[in-house]
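Visitor:
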Amino acid sequence: MSNCSYFSGIDLAKNHFSIHVVDSDVKVILHKSVTHPKLMTTIANMPSRSTHIHSLCTCKLL
């Protein structure tokens, strides 16, 4: 965990982004799904934090 009071993660998807924020005690502060247009507004209104972005790539093997 970092020295920030909040730690957030963003799971990237095609149409929606899942935002998960925990405090320094790893207690969930926020867990919500937002659309692309609302992502930047949502992040801008959150307190200072360390943010990590996660994107899971999957592929089909033929």
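1 is the number of the first residue of the sequence shown in the working numbering; add one for each residue after it. Just so it is clear, CB atoms sit at the ideal spot from N, CA and C, and this is done for glycine as well. The structure presented is a predicted model; accordingly, all values stated were derived computationally and were not measured.
What number of angstroms, rounded off, separates the C-alpha of residue 13 from the C-alpha of residue 26?
Guide: Spanning the two alpha carbons is a distance of roughly 24 angstroms.
Visitor: If I measure Cβ to Cβ from residue 62 and keep anything under 8 angstroms in the same chain, skipping five residues before and after, which residues do I get?
Guide: Because the pLDDT at residue 62 is just 46, under 50, the model does not fix this residue reliably, and the value given afterwards should be weighed accordingly. Nothing meets the Cβ criterion.
Visitor: Per DSSP, residue 36 forms a beta bridge with which residues?
Guide: Looking at the DSSP assignment, residue 36 forms no beta bridge with any residue, so it has no partner.
Visitor: Rounded C-beta distance between residue 41 and residue 15? I'm assuming under 8 angstroms.
Guide: No, residue 41 and residue 15 are not in contact; Cβ-Cβ is about 17 angstroms, not under 8 angstroms.
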